[in-house]
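Below: the structure, in structure tokens.
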Amino acid sequence: MLFPWQKNRIKKLFRLNRNNEALIEELKIEGITENNVLYAIKKVPREIFVERQFIQQAYENIPLPIDCGQTISQPFVVAFMIACLNLKKTDKVLEIGTGTGYQTAILSHLCQEVFTIEVHDNLIKKAKKRIAKLNLKNIIFKLGNGAKGWQNQNKALFDAIIISAASEIIPAKLLENLKNQGSLVMPKKKPSGNQKLLLVKKNNETYLEKELLDVK
Numbered sequence: 014m015l016f017p018w019q020k021n022r023i024k025k026l027f028r029l030n031r032n033n034e035a036l037i038e039e040l041k042i043e044g045i046t047e048n049n050v051l052y053a054i055k056k057v058p059r060e061i062f063v064e065r066q067f068i069q070q071a072y073e074n075i076p077l078p079i080d081c082g083q084t085i086s087q088p089f090v091v092a093f094m095i096a097c098l099n100l101k102k103t104d105k106v107l108e109i110g111t112g113t114g115y116q117t118a119i120l121s122h123l124c125q126e127v128f129t130i131e132v133h134d135n136l137i138k139k140a141k142k143r144i145a146k147l148n149l150k151n152i153i154f155k156l157g158n159g160a161k162g163w164q165n166q167n168k169a170l171f172d173a174i175i176i177s178a179a180s181e182i183i184p185a186k187l188l189e190n191l192k193n194q195g196s197l198v199m200p201k202k203k204p205s206g207n208q209k210l211l212l213v214k215k216n217n218e219t220y221l222e223k224e225l226l227d228v229k
């Protein structure tokens with residue numbers, strides 16, 4: 014166990030030489046212990062998913078601005094949310110909010126297929142180009158309103174759903190998209206204005222909710 018001053022000292026050392034290895038070590042210090050998640054993050058070069066002016070900060074554990082007034086999420090939050098889903102290689106995952114495609118790429122290393130929805134045309138076009146550079150073939154993109162879910166004759170398609178943007182409610186269509194015993198994770202807006210990560214487990218027609226950590 015490390016004392017807070019030791020953690021801070023190690024983080025300062027990481028900032029002097031940022032790369033994916035340094036980011037992985039920082040995530041371990043922050044409590045991410047799932048080897049499959051860490052391996053997937055290690056496989057994805059974050060520098061191709063950030064805007065050019067922020068390239069020097071690509072491996073800092075911080076969110077960064079992107080187009081359309083959005084952000085690429087903090088790596089710790091991405092890792093934590095994905096770890097909560099306990100993904101298997103046979104799983105089908107729905108991602109709401111493709112953004113830059115960074116989280117999408119990480120998910121693709123952890124499951125059978127990723128279905129991702131993005132409302133901004135400019136973002137999804139850029140994400141497709143970035144994903145193509147990595148030669149990832151198990152990702153299906155869709156331009157549209159993620160709150161409407163993935164429309165298909167078989168509604169309960171997905172073993173897991175991950176929602177990037179905070180909302181006060183869980184869209185009903187997304188709950189319909191979730192398989193029995195599936196999991197959904199999202200940042201939920203609280204009346205106070207704060208946000209909490211929320212994990213939802215589906216058990217037949219019952220949804221069990223568990224609040225996790227505070228997020229920004």
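Take any residue in the sequence shown, note its place counting from 1, add 13, and you have its number in the numbering used here.
Glycine included, every Cβ here is placed at the ideal spot set by N, Cα and C.
Every value quoted in this text rests on a predicted model; they were computed, and no experiment measured them.
Secondary structure note for residue 219: its beta strand (DSSP E) is the uninterrupted segment 219-228. Ranked by Cα distance from residue 217, the first of 188, 224 and 56 is 188. Within the same chain, and ignoring the five residues on either side of residue 119 in sequence, the residues whose Cβ sits closer than 7 Å to its Cβ are 53, 54, 57, 91 and 95. For the pair residue 196 and residue 211, the Cα-to-Cα distance works out to about 10 Å. Residues 209 of the same chain have their beta carbon placed closer than 7 Å to that of residue 203, with the five preceding and five following residues left out of the count. Around residue 76, the same chain offers 84, 85, 86 and 87 as residues with beta carbons nearer than 7 Å, after the five sequence neighbours per side are excluded.
Three or more Cβ pairs closer than 8 Å define a contact, and the segment 168-177 falls short of that threshold against the segment 144-156. DSSP places residue 105 in the uninterrupted beta strand (DSSP E) bounded by 105-109. According to the DSSP secondary-structure assignment, residue 174 is paired through a beta bridge with 107 and 197. One alpha carbon belongs to residue 132, the other to residue 60, and they sit about 23 Å apart.
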